[in-house]
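Right, one structure below, let's go through it.
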Amino acid sequence: MILSMTGYGKSVSHLDDKKITVEVRTLNSKNLDLNLRLSSELKELELPLRQMAARNLKRGKVDVAVHFENTGTAGTPKLNLEVLVNYMDQLGNIKGILRGNHNHDIELLEMATRFPDVFDSSAEELSEDHKSEIVDTVEKAIELVNEFRAQEGNSLQSDFQSRISSIKNLLDQVKEMDKERLEDVRTRLEKAVQEIKERVDENRFEQELIYYLEKYDITEEKVRLANHLDYFTETMELPESQGKKLGFISQEIGREINTIGSKANHAAMQQLVVQMKDELEKIKEQLLNVL
Numbered sequence: 001m002i003l004s005m006t007g008y009g010k011s012v013s014h015l016d017d018k019k020i021t022v023e024v025r026t027l028n029s030k031n032l033d034l035n036l037r038l039s040s041e042l043k044e045l046e047l048p049l050r051q052m053a054a055r056n057l058k059r060g061k062v063d064v065a066v067h068f069e070n071t072g073t074a075g076t077p078k079l080n081l082e083v084l085v086n087y088m089d090q091l092g093n094i095k096g097i098l099r100g101n102h103n104h105d106i107e108l109l110e111m112a113t114r115f116p117d118v119f120d121s122s123a124e125e126l127s128e129d130h131k132s133e134i135v136d137t138v139e140k141a142i143e144l145v146n147e148f149r150a151q152e153g154n155s156l157q158s159d160f161q162s163r164i165s166s167i168k169n170l171l172d173q174v175k176e177m178d179k180e181r182l183e184d185v186r187t188r189l190e191k192a193v194q195e196i197k198e199r200v201d202e203n204r205f206e207q208e209l210i211y212y213l214e215k216y217d218i219t220e221e222k223v224r225l226a227n228h229l230d231y232f233t234e235t236m237e238l239p240e241s242q243g244k245k246l247g248f249i250s251q252e253i254g255r256e257i258n259t260i261g262s263k264a265n266h267a268a269m270q271q272l273v274v275q276m277k278d279e280l281e282k283i284k285e286q287l288l289n290v291l
């Protein structure tokens, strides 16, 4: 099967007065490039979440964002009354000295609440239930990404199969054309030496003719190209996506096509080679996005 490296998944869950939102985005990359964004209270989960993402997504540029929000009153900073009253008393004494002992309670309250330790905003520790729910939510988002990747992969596989079939069809035309091509080469060579035949040793001429015919022979290339095309299709059908392996096979396909082109010495056959190259280039471009 084919999996794309492009994917997106979002999962949201609620537990008590907490809301957990996870978004995972993936793009193509030669290796795994993982960016995990967590708020400070979730840092203890960074390693297991990173391992989970690497194990399930394998390759690509991966961005995982986990948001952990309060939806109730829990977690709201608590007013430290003792500290607040102490600040108001001290501020009142100062204002009394400066203003003749007038008491401005509201003004003092506004001033006192600006001090940071008036509110107790110490971070709440994650419960085991919260940790488990966060991990499950990330796992669900990753599952959605892989579903997205599979859908994109199906489209890519259909496109690959169409282009591989096109190259096979062009190869069949090359095989058919090759039956006459070598005879054309032989005829051209014989005609080229016809005028000076009386000065050419017959045995030497036959040897040279065999040499050139062997030089232009593409039998091995045709067989290897057909095998590589079949191997490409077989690899696409494997249970796991094989992007790198398909890339290597496409290089071998290109090598055989290029050799056929260089040996063709035949305008019509070279036109078929150009068409095969065009199809192969489109396959290579799409392979950059295959897992």
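Heads up, the sequence shown stops at 291 in full-length UniProt numbering, and the numbers go up one at a time, no gaps. A virtual CB, placed ideally from N, CA and C, is assigned to each residue, including glycine. Owing to the predicted nature of the structure, the values given are computational and were not obtained by experimental measurement.
Under the rule that 16 or more other beta-carbon atoms within 10 Å means buried, what is residue i, buried or exposed?
i, result
"N289", "buried"
"T71", "exposed"
"S250", "buried"
"L272", "buried"
"K18", "buried"
"E221", "buried"
"L156", "buried"
Would you please state the rounded distance, in angstroms, between the beta carbons of residue i and residue j? I believe it to be under 8 angstroms.
i, j, result
"residue 310", "G153", "Since the first residue shown for the chain is 1 and the last is 291, residue 310 is missing from the structure and cannot be characterised."
"I218", "D178", "6 angstroms"
"S4", "R149", "5 angstroms"
"G60", "L291", "7 angstroms"
"V145", "G9", "4 angstroms"
"G254", "L280", "6 angstroms"
"I142", "L42", "Incorrect: roughly 16 angstroms between the Cβ atoms, too far for contact."
Alpha carbon to alpha carbon, what distance is there between residue j and residue i?
i, j, result
"K173", "K215", "Checking the displayed sequence, the identity of residue 173 turns out to be Gln instead of Lys. Cα-Cα distance, rounded: 21 angstroms."
"Q275", "E46", "50 angstroms"
"E252", "K58", "25 angstroms"
"E69", "S11", "14 angstroms"
"T233", "N227", "10 angstroms"
"D230", "G7", "29 angstroms"
"P48", "I283", "37 angstroms"
"T137", "H130", "10 angstroms"
"residue 297", "K30", "It is not possible to answer for residue 297, since the shown part of the chain is limited to 1 through 291."
"K244", "A65", "28 angstroms"
"K168", "A268", "17 angstroms"
"Q270", "E23", "50 angstroms"
"T259", "D184", "19 angstroms"
"L257", "N265", "As written in the sequence, residue 257 is Ile, which differs from the Leu given in the question. Between I257 and N265, the C-alpha separation is close to 14 angstroms."
"E285", "D159", "12 angstroms"
"H67", "N93", "45 angstroms"
"R181", "R188", "11 angstroms"
"T21", "K175", "59 angstroms"
"Q161", "L225", "15 angstroms"
"K263", "S165", "23 angstroms"
"N101", "L81", "For N101, the predicted structure reports a pLDDT of 45, less than 50, and the residue's modelled location is therefore unreliable. The matter cannot be settled from this model."
"E110", "S13", "38 angstroms"
"Y212", "Q242", "41 angstroms"
"D16", "S132", "13 angstroms"
| Touching by the beta-carbon criterion (3+ pairs, under 8 angstroms), the stretch 30-41 and the stretch 49-59 | Proximity of the stretch 30-41 to the stretch 49-59 meets the contact definition, three or more beta-carbon pairs being nearer than 8 angstroms.
| message | Restricting to runs no shorter than 4 residues, where is the alpha helix (DSSP H) found entirely within the UniProt domain "Endoribonuclease YicC-like C-terminal" (174-290)? | response | Within the UniProt domain "Endoribonuclease YicC-like C-terminal" (174-290), the complete alpha helix (DSSP H) runs of at least 4 residues are 202-215, 219-236, 243-264, 267-287.
| request: With a floor of 3 residues, list each beta strand (DSSP E) that falls wholly inside the stretch 13-48, ordered by position along the chain. | output: As summarised for the stretch 13-48, the continuous beta strand (DSSP E) elements at least 3 residues long and confined to that stretch are 18-27, 32-38, given in chain order.
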